[in-house]
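According to this note's numbering, the sequence shown is numbered sequentially starting from 30. These notes are about the structure you will find just below.
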Amino acid sequence: KVAIKGIERELICPACKELFTHPLILPCQHNVCHKCVKEILFAFEDSFADGGSESSNQSSPRIRIAASSMDRIDRINRSGIKRNSLTPRSTLFPCPGCQRDIDLGERGINGLFRNFTLETIVERYRQAARAAVAIMCDFCKPPPQESTKSCMDCSASYCNECFKIHHPWGTVKAQHEYVGPTTNFRPKILMCPEHEMERVNMYCEICRRPVCHLCKLGGGHANHRVTTMSTAYKTLKEKLSKDIEYLISKESQVKAHITQLDLLLKETECNSERAKQEASQSFEKLYHVLEEKKSAALRAIETSKNIRLEKLQTQMEEYQGLLENNGLVGYAQEVLKETDPSCFVQTAKQLHVRIQKATESLKSFRPAAETTFEDFVVDTAKQEDILGDLSFHSNGLEIPEINEEQSRMYNKALISWECHGKTDSADIYVLEYHKLNREEESVTWQKTEVCDKSKVLSDLDDDSSYTFRVRGYKGSICSPWSREVILRTPPAPVFSFLFDDKCGYNNEHLQLNPRRTSVESRAGFPLLLGSQRLQVGCYTTLDYIIGDTGIAKGKHFWAFHVEAYSYLVKVGVVPGNKIQKLFHSTHDVTSPRYEQDSGHDSGSEDAFFDSSQPCTLVTLGMKKFFIPATPAAPKDPASRILPLPSCLGICLDCDRGRVGFYDAGRMKCLYECEVDCSGIMYPAFALMGGAAVHLEEAVTAKYREYHNDI
């Protein structure tokens with residue numbers, strides 16, 4: 030038998046660090062006290078309301094939200110907790126066991142099972158730990174007596190007298206199940222939390238939780254693989270028994286591992302002390318170098334100071350000599366008293382030269398030395414940056430590389446990176462970025478710490494290029510910086526819209542997905558029916574669809590994908606006052622000459638064709654991008670055909686009256702022209718044959734996780 034006191038570690042709630050009380054099983058299979066789940070959710074809601082302030086999570090002395098959890102408040106708040114009225118509400122819960130954000134579904138806490146087995150084990154542990162502390166009777170008049178038994182049907186404890194009174198012989202209550210005194214009352218039948226009147230009788234192998242027959246018939250487990258409860262009980266019990274028997278049989282091996290781990294603990298202590306000494310020696314060397322540099326700099330300043338003071342002092346004494354009865358002037362005055370001409374001339378010649386120099390210096394006074402020490406300013410900016418990056422570099426920590434294909438620049442920036450090697454990956458990553466600006470001499474990197482291998486940034490400027498780099502950290506060890514990658518943001522704020530399924534939408538030829546973000550044109554039976562009536566040429570019209578939101582002013586950008594198999598797609602903008610003309614235009618045909626064919630290939634009909642269009646569109650198809658034939662475009666048709674980018678973008682500037690077509694992957698303009706923006710402008714698309722267009726999805730905090738799940 031396993032000693033009940035030896036399993037305390039398994040009975041501690043990861044949130045409150047106390048023994049479990051009414052534990053609930055989370056979808057990640059971790060257990061948390063019912064009260065802890067409620068307090069954590071309330072604390073996080075308060076944190077959202079208060080902007081994640083530290084003061085908002087001190088209301089409950091039972092729960093202390095970890096710093097790592099508080100760092101995830103913004104990420105959880107952006108992940109979709111607040112949904113619109115048409116989207117089912119789901120509750121995200123930060124599991125304190127695995128540090129992941131767990132989706133509790135629409136029912137939240139009410140959809141979780143109580144772990145009655147764990148409750149029973151905790152109760153046995155409590156009784157063993159406190160040597161069966163007395164449980165009092167729930168029905169005695171004060172003072173209550175010590176209970177002798179507990180009724181599992183009544184969920185109450187009784188002394189002998191009260192049990193006889195409340196469970197008289199010959200009644201239904203006399204048949205109730207009773208056990209020794211306990212505070213752990215568990216139901217005889219486990220009921221479904223989603224269908225409260227139904228008992229669970231099956232086990233979902235996908236979700237790993239008990240379900241009822243209604244969950245299987247029409248609930249969230251309709252398409253899941255389930256088995257009977259008895260089969261699941263037998264299978265899981267056999268597996269658990271075999272695993273326990275295996276572990277018990279390997280007891281000697283476990284003890285050997287424990288001994289080895291004990292040695293590793295001591296070795297780790299010794300190695301850490303050695304590493305501390307080596308680190309201290311390294312820093313002592315730096316201190317020594319800095320002290321030498323400091324002493325040399327101070328000596329140079331002191332020497333320069335002494336030289337300058339000596340020069341200034343000499344100059345001051347010379348000027349003091351120019352005063353009457355002092356120095357040079359006094360000496361000259363005494364020389365003037367000489368009456369012997371020969372003696373006077375002998376002395377006065379040299380004296381006159383000195384007097385002239387003094388007179389000239391007096392006219393143009395200049396200090397003999399500078400008082401400033403600008404030449405002795407120590408520039409330590411580069412050294413400070415180097416010291417700021419000072420850390421333990423390890424060859425075992427691989428260098429992350431930014432994945433430009435998975436990174437996106439749209440309404441927000443999604444920067445993704447990966448590690449290709451097989452060495453240990455980092456625990457945390459530091460992403461740095463800065464805006465490219467040729468006018469700025471110094472670069473200021475903005476820094477953010479990330480626990481995952483991607484980061485969504487929302488503080489970037491439009492129509493700007495940014496440089497990104499990333500490095501990994503594992504404890505105090507860091508990897509070198511990755512290769513710097515330059516990405517460009519869209520030329521204007523992102524314009525969000527959906528395909529309009531009402532205005533002119535032809536549901537016979539076009540098919541929209543339920544979210545109205547993708548449209549597909551199929552070259553199927555309707556196209557054959559339309560073509561079989563024609564005898565000459567092909568006059569099949571294009572099928573148009575527009576966006577459900579218009580633009581009246583400003584500059585806007587949107588992006589989309591065109592499937593590679595698409596035969597013919599036109600994209601652009603259309604004024605609101607020409608939408609009806611667009612859907613009823615008889616000139617919008619696929620014939621290169623339409624009905625106004627003059628019988629020659631002059632191309633004049635193309636000019637008529639372009640000028641007759643009610644909207645501004647460019648043609649895509651067969652993996653090509655066709656630049657329209659304009660006076661400014663190259664005359665060679667081959668030079669006007671470009672490879673079709675994987676993602677296209679359109680930038681509409683209503684204020685300037687121009688529309689540009691972009692390679693949205695590189696944010697490079699492929700073609701730009703003027704457009705009449707006097708009315709409300711709408712995004713317009715036209716498809717023919719087999720073709721499909723998908724609107725670019727906005728970048729959110731959960732974008733990467735969503736696509737990884739797909």
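A virtual CB, placed ideally from N, CA and C, is assigned to each residue, including glycine.
Counted within 10 angstroms of its Cβ, other Cβ atoms place residue i as buried (16 or more) or exposed
| i | result |
| --- | --- |
| F402 | exposed |
| K482 | buried |
| Y275 | exposed |
| D572 | buried |
| I105 | Confidence at I105 is low in this model, with a pLDDT of 44, below 50, so its placement is unreliable and no value can be given for it. |
| T297 | exposed |
| Y316 | exposed |
| H286 | exposed |
| C706 | buried |
| G650 | buried |
| F654 | buried |
| P125 | buried |
| I574 | buried |
| H381 | exposed |
| K441 | buried |
| C299 | exposed |
| D692 | buried |
One or two residues paired with residue i in a DSSP bridge
| i | result |
| --- | --- |
| H463 | T496 |
| T71 | At residue 71 the sequence reads Phe, which differs from the Thr that was named. Looking at the DSSP assignment, F71 forms no beta bridge with any residue, so it has no partner. |
| P123 | D130 |
| M220 | R228 |
| H723 | S547 and H590 |
| H585 | L681 |
| K697 | D692 |
| E307 | Paired residues: none, contrary to the question. |
| D572 | L716 |
| A658 | BP columns for A658 are empty, so no partner. |
Terminal residues of the beta strand (DSSP E) in which residue i lies
| i | result |
| --- | --- |
| E447 | A442 to E447 |
| K653 | K653 to F655 |
| P239 | R238 to V240 |
| N60 | N60 to C62 |
| P52 | P52 to I54 |
| P672 | I670 to P672 |
| L716 | M710 to M717 |
| Q475 | Q475 to V479 |
| L419 | Careful: L419 lies outside any beta strand (DSSP E) and carries neither H nor E. |
| C180 | K178 to C180 |
Cβ-Cβ separation, residue j to residue i (assumed contact under 8 Å), whole Å
| i | j | result |
| --- | --- | --- |
| R143 | L53 | 6 Å |
| L460 | F497 | 7 Å |
| F772 | L677 | Here the chain comprises residues numbered 30 to 739, so residue 772 is not present and cannot be evaluated. |
| S576 | Y711 | The sequence given here has Gly at residue 576, not Ser. Indeed they touch by this definition, with Cβ atoms about 5 Å apart. |
| C57 | R129 | 6 Å |
| V485 | Y458 | Wrong, their Cβ atoms sit about 14 Å apart, outside the cutoff. |
| R337 | E399 | 7 Å |
| A593 | K664 | Wrong, their Cβ atoms sit about 29 Å apart, outside the cutoff. |
| L699 | L671 | 6 Å |
Own chain residues within Cβ distance below 7 Å of residue i, not counting five before or after
| i | result |
| --- | --- |
| K202 | H195 and H196 |
| V472 | H463 |
| V704 | V602, T645, G686, R687 and V688 |
| C169 | C188 and C191 |
Same chain, Cβ closer than 8 Å to residue i, neighbours up to 5 away in sequence not counted
| i | result |
| --- | --- |
| T257 | N230, M231 and Y232 |
| K476 | V459, L460 and E461 |
| E513 | T496, F497 and R498 |
| G356 | E346, E347, Q349 and G350 |
| A326 | F405 and V407 |
Near the ligand GTP: residue i beta-carbon under 7 Å from a heavy atom
| i | result |
| --- | --- |
| S301 | The model depicted lacks the ligand GTP and carries no ligand whatsoever. |
Beta-carbon contacts of residue i that lie in its chain and below 6 Å, excluding the five residues immediately before and after
| i | result |
| --- | --- |
| S29 | Residue 29 lies beyond the residue range present for the chain, which begins at 30 and ends at 739; the question has no answer from this structure. |
| M220 | R228 |
| T615 | Unreliable placement is indicated for T615, whose pLDDT of 41 sits below 50; no coordinate value is reported for it. |
| V151 | L40, L48 and F49 |
| T729 | none |
| M717 | L571 and L597 |
| I709 | G579, A581 and G605 |
N- and C-terminal bounds of the alpha helix (DSSP H) containing residue i
| i | result |
| --- | --- |
| G504 | Unbroken run through G504: none, as it is neither H nor E. |
| Y275 | M258 to S278 |
| C372 | P370 to K392 |
| K193 | N189 to H195 |
CB contact below 8 Å: residue i versus chain B
| i | result |
| --- | --- |
| T659 | Absent here is chain B; the protein component of the structure consists of one chain. |
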